[in-house]
Amino acid sequence: MNEQIIWIVLKRLRTPFLIIIATFSISILGLVLIPGLDDSGNVYHMTFFDAFYFVSYMASTIGFGEAPYTFNYEQRIWVSFAIYFTVIGWFYGIGATVSLMQDESLKKAIHRNTFRRHVKRLRTPFYIILGYNSITKSIIDKINGDDYRVVVLEKNEDKIDELMLENFYPNVPAFMGDATKQQMLKIAGIHHKNCAGVISLFENDMINSQIATICKILNKKIDVIVKATSPQQVKHFKNMDLEHIKNPFDIISKRIFYGITAPHIWLLEMWVYGHILKLRKRDRFPKGRYIVYGYGRMGHAIIEGLEKANIEYITKDLDTQEYLKEKNTTIFGDDEDIQSLIDLGVQESDCIIAATKDDLLNLTILNSAKQLNPNIFTIARENSLDDLNIFKAAKVNKIYVVEKLLADVTYNYIARPLADLFIIEARKKDEEWAKVIVNLLNNITGMNPMYFETKIDEEHAHALSLKLHDNQAVSLANLRRSRANREKILNLVYLLLKRGEQVYLMPDSNMQLQMGDELLIVSDEENYDDFDYIVNNIYELEYVLGYSHETN
Amino acid sequence: MNLHKIISGSFFILAMTINFGFFYGDPTVLVEHSAFELFAAIIVNLVATVLKLGDRTQLGAVLLATSIVADIQLIASATVWAFAKYVMSDFGIEAVVAIVSLSGGALLANVVSVILFIGDTLKSKR
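If you're matching them up, the sequences are chains F and C in order. As numbered in the working numbering, residues 1 to 552 make up the first sequence, in order. As numbered in the working numbering, residues 553 to 678 make up the second sequence, in order.
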């Protein structure tokens, strides 16, 4: 593991060592050969030991004095020559060692080794995140913890420094390297048995596709979570057998579609992402005429949704770069622009979507539209998180932050797979069904319930798994009883049960539990704590099962 | 064959020959073994060791190992000499034999190095 560093160091130290050996041996030999006089005036020769001892402290400039007897002039002439000779050799050796410490390639090798060691030591599943930016930072913030760890590869050294300054806990190993290089992915632990997946959300689709290909070749078992912004790209990824393709524009389009046609399905999805479970008036998408300003990747995706929802719309393309060149500003709203809005029929429309690449342009388009038609519903695309406050202050009805969307969706997929599954299943249902569910949840668990994911296994439900191993039948309804008083019922709803590949939406309460079942439970913290206690504690479980009353 | 190989090769063989010069003679009589020869053997051995530092080939690693063994033996021999002379302050037969036989061990390590070196040379010629 440390091989490489040792070899680099040893090879570099070759010359300093040789010089020190040469200077020492010449000085020692000279001292031994030159005859000296002892205290009583007899001729003597220094032994090798005397000479070695003297040269050792002379060369290191310690200088204990002349030993074993005071030197005569022949000896002193030789010593004065040897002083410069050995000290220079000695200093050269020290200098070479110090410069070696500062050597870039050595530093890199040491850093690489530390990184590799950190990755190797990871005992929990981890994701390799490619590129460090505001999206991946918020993903790290959310998933880095006890269940999952992350490893970051980033091309830019400044970004790595930025990451180091964040002081993530637990520590996030990061290394500077090109994510499209196989070698780098290997160092980042793509072959590690705990590697759960690779997250590649680069702006450039080409890079994402390159990375996806490499990852699939290197390790077939891991998840590759990849961003794609065009339908062609999505198709390409699907052909590669990638399951988790995140297209932010497609997500926005779907949300608008459900917002218009099935607001309660929309609400359920938004609730999973942290919205309250209540449809406020300002959340409702109008059903009239839509203007889509900006006809790029997002515009195309939105129109697909609008067409499916059978909504009348008009589009207007706007090239942000050309606009900037022509008008020398990204503030929309001169006479020509206002006229174009009026031509698009802003006064007769119910909703305007600003979907250009430029945040400021989007904001000013909506402002101008609002001036012309105060009742218009406004939807903005926002590209980077930095401007969020301006948008909020501008009272835009719906803001789609592309970066945040990607981060949230990725997080949900990784850390809350059942909630993710729930959204997919709910979308297959209709508005009536969703309405019933929302009402049910509101009645039992309130307006802003939380949701929990758990698995029936020894780790998460110890007592229950003991019972199940004894072939005891336990139904979902059995577990819904309060441990304080089993006649009372806990305020929780089983939203989804996953058994192998089978998914049961709103499972029947008489359903018998099996080992390995995964449950999505809606509740509040208190009630869920009770549930958690019951499935883990054998006494509580026997109580709620009514054990003492039963004959078996 | 390059210059580095010539230099390191000559140092390996020189280490063996000088060491043999020191070792040769009656192991119980110290005057048959010159201190200068021991000094030269130590220096040449150290240089041979340093020349093999950082050599990542298989042969380089083995040569480094054998020359480190020779260094240890020779330095031990010199240490025994200094100890016997200054601390015990008289040369018993035992001390003399120890000095000579330690260098004999080093000679064995030197011989191994040289054999490996020759073997590698022969192999590369084929």
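The beta-carbon is built from N, C-alpha and C at its ideal position, and this holds for glycine as well.
query = How close, in whole Å, do the beta carbons of F/A380 and F/A354 come, if the pair is a contact with beta carbons under 8 Å?
reply = 5 Å
Practice task
Assign F/I534 to one of two classes, buried (16 or more other C-beta atoms within 10 Å of its C-beta) or exposed (fewer than that).
Solution key: buried
*Could you check where the alpha helix (DSSP H) with F/I222 kicks off and where it finishes?*
Unbroken run through F/I222: none, as it is neither H nor E.
Practice task
State whether the region 160-179 of chain F contacts the region 123-142 of chain F, with contact taken as three or more CB pairs (one from each stretch) at a distance under 8 Å.
Solution key: yes
Are the CB atoms of F/N537 and F/A463 within a distance shorter than 7 Å? yes
Between the alpha carbons of F/L324 and F/D420, how many angstroms are there, rounded?
40 Å
_Rounded to the nearest angstrom, what separates F/N219 and F/L201 at their Cα positions?_
19 Å
Could you check the C-alpha separation between F/F377 and F/I260 for me, to the nearest Å?
12 Å
Looking only at C-alpha atoms, which of F/A415, F/D530, F/D470 sits nearest to F/L513?
F/D470
Check: Taking three-plus beta-carbon pairs below 8 Å as touching, is the region 98-111 of chain F in contact with the region 119-129 of chain F?
Finding: no
**Message:** Taking contact to mean 3 or more Cβ pairs, one atom from each stretch, closer than 8 Å, check whether the region 6-15 of chain F and the region 46-60 of chain F are in contact.
**Reply:** no
- Start-to-end residues for the beta strand (DSSP E) that takes in F/P35: 35-37
Checklist line | Coarse secondary structure for F/A484, derived from DSSP in three states | finding: coil
Please check the pair F/H244 and F/D223, which I expect to be a contact at CB under 8 Å, by giving their CB distance rounded to whole angstroms.
6 Å
DSSP state of F/Q502, grouped into three classes? strand
Next on the checklist: Against chain C, with Cβ distances strictly below 7 Å, would F/S99 count as a contact?
Outcome noted: no
Pop quiz: F/F237 and F/G305 are said to be a contact at Cβ under 8 Å. What is the actual Cβ separation, rounded to whole angstroms? Not quite, the Cβ-Cβ distance comes to about 21 Å (not below 8 Å), so this is no contact.
Exercise for review: State yes or no: is the C-beta of F/L519 within less than 7 Å of the C-beta of F/F422?
Suggested key: no
Q: May I have the straight-line CA-CA distance separating F/T213 from F/L406, to the nearest angstrom?
A: 21 Å
* To do: Report the rounded CA-to-CA distance for F/L476 versus F/Y413, giving the unit in angstroms.
  => 26 Å
_Pairs of beta-carbons, one from the region 605-615 of chain C and one from the region 28-40 of chain F, closer than 8 Å: are there three or more?_
no
The beta strand (DSSP E) that contains F/F175, what's its start and end? 174-176
* To do: Under 8 Å by Cβ, that's how I've got F/Y491 and F/T454 pegged, so tell me the actual separation to the nearest angstrom.
  => The sequence given here places Asn at residue 491 of chain F; Tyr does not occur at that position. Their Cβ separation, rounded to whole angstroms, is 17 Å, which puts F/N491 and F/T454 out of contact at 8 Å.
Put F/M46 into one of helix, strand or coil per three-state DSSP. coil
CB-CB under 7 Å to F/K370, same chain, minus the five flanking residues each way: which ones, in chain order?
I376, T378
* Asked: C/F620 versus chain F: which residues are under 7 Å apart at the beta carbon?
  -> Before going further, note that residue 620 of chain C is Ile rather than Phe in the sequence given. Simply none; closest approach about 12 Å.
Quiz item: Is C/S676 near the ligand GTP, judged by its Cβ being under 6 Å from some heavy atom?
Solution: By its list of ligands, the structure shown contains no ligand whatsoever, and the ligand GTP lies outside what it can speak to.
Any Cβ of chain C within less than 7 Å of the Cβ of F/M1?
Only weak support exists for where F/M1 lies, its pLDDT of 44 falling under 50; the value from the coordinates is given anyway. By this cut-off, F/M1 is not an interface position.
At the level of alpha carbons, what is the spacing between F/D530 and F/A434?
27 Å
Self-check item: Sequence-distant residues of the same chain with beta carbon closer than 8 Å to C/G612, five excluded per side
Solution: K604
- Whole alpha helix (DSSP H) runs in the region 78-148 of chain F with 4 or more residues, listed along the chain? 104-121, 134-143
- Message: Give me, in chain order, the residues of the same chain whose beta-carbon lies closer than 7 Å to that of F/Y57; leave out the 5 immediate sequence neighbours on both sides.
- Response: G63, F64
inquiry  = Within the continuous alpha helix (DSSP H) that includes F/K404, where are the two ends?
reply    = 402-415
#### Entry: F/L441 versus F/V272 - alpha carbon distance
13 Å
* Would you call F/E322 buried or exposed, if buried means 16 or more other Cβ atoms sit within 10 Å of its Cβ? -> exposed
Original post:
Given F/K186, which residues of its chain have a CB within under 8 Å of its CB, disregarding the five upstream and five downstream residues?
Top reply: L218
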